[in-house]
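Numbering (my numbering), first residue to last: 16 to 269. Glycine is no exception: its CB is placed at the ideal position from the N, C-alpha and C atoms. Note that the structure is predicted; figures quoted are calculated from it, not measured.
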């Protein structure tokens, strides 16, 4: 090795950092358990604050999917979209209004579930009475009960058969990987059933208007243009918004 190469190595910042790293590394490795977990007052182990923050941020990224898959939002937004198509007004109410209405109605329907999650999981966790793992397990129980009440047994049996799992002892033994797709499938079925009943009266109005126009020889007049005022009048006279939204909310409690 030449003298110039040795001088370059000695002038390198890495040369001065290596002794410091050797001095710091034992204490840093000793603190690793404290970085990952910490001791609670009752003797249990809990995740440290950095790990809790990482889990919280990861949960926030999954929040839209959880809103779609684990709450009443799917049924509500599909029924509202089918109502707009049945009325023949593809842009009224606009998408922003439908999404806002669907979200607030979802929060109304899910309020008892969220309150139970707060009292059973979040509040004891903030008071350091339970660990984060226990809080996650207790917080999932009210959501599981809500989803099980809305899920058909045939859908659960379908996905259990596809997953090749043995017969389950009861609803509490249903794994989440079976419950989630079964719940979404049941919600889609229920939403389309409600949408079918919503479509019937408006479809009758369209048929009557189209028959009258053909009898009068007015074949060039679009039936949708003539039937739209009658459909709006019918929807307002029967107090359609209260009837539809009330029935949607009640369908989750029956």
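Residue 176 classed as buried or exposed, judged by whether at least 16 other C-beta atoms fall within 10 angstroms: Residue 176 should be labelled exposed.
Beta-carbon spacing of residue 260, residue 120 below 8 Å: Taking 8 Å as the cut-off, the Cβ atoms of residue 260 and residue 120 count as close.
Inter-residue Cα distance where the pair is residue 81 and residue 224: Residue 81 and residue 224: Cα-Cα distance of roughly 44 Å.
Which listed residue (97, 151, 256) has its alpha carbon closest to that of residue 208: Nearest neighbour of residue 208 by Cα position, chosen from 97, 151, 256, turns out to be 97.
Residue of 197, 202, 156, 193 minimising C-alpha distance to residue 91: The shortest Cα separation from residue 91 among 197, 202, 156, 193 belongs to 202.
Outcome for residue 141 when other beta-carbon atoms lying within 10 angstroms are tallied against a minimum of 16: Around the beta-carbon of residue 141, fewer than 16 other beta-carbon atoms lie within 10 Å, marking it exposed.
For residue 221, the first and last residue of its enclosing alpha helix (DSSP H): For residue 221, the uninterrupted alpha helix (DSSP H) run begins and ends at 191-230, by DSSP.
Proximity below 8 Å, CB of residue 244 to CB of residue 221: Cβ distance not < 8 Å, so residue 244 and residue 221 don't count as in contact.
Beta carbon of residue 189 nearer than 8 Å to that of residue 183: Result yes, Cβ atoms of residue 189 and residue 183 sit closer than 8 Å.
Residue burial classification, residue 185 (beta-carbon count within 10 angstroms, cutoff 16): Looking at its Cβ environment, which holds fewer than 16 other Cβ atoms inside 10 Å, residue 185 is exposed.
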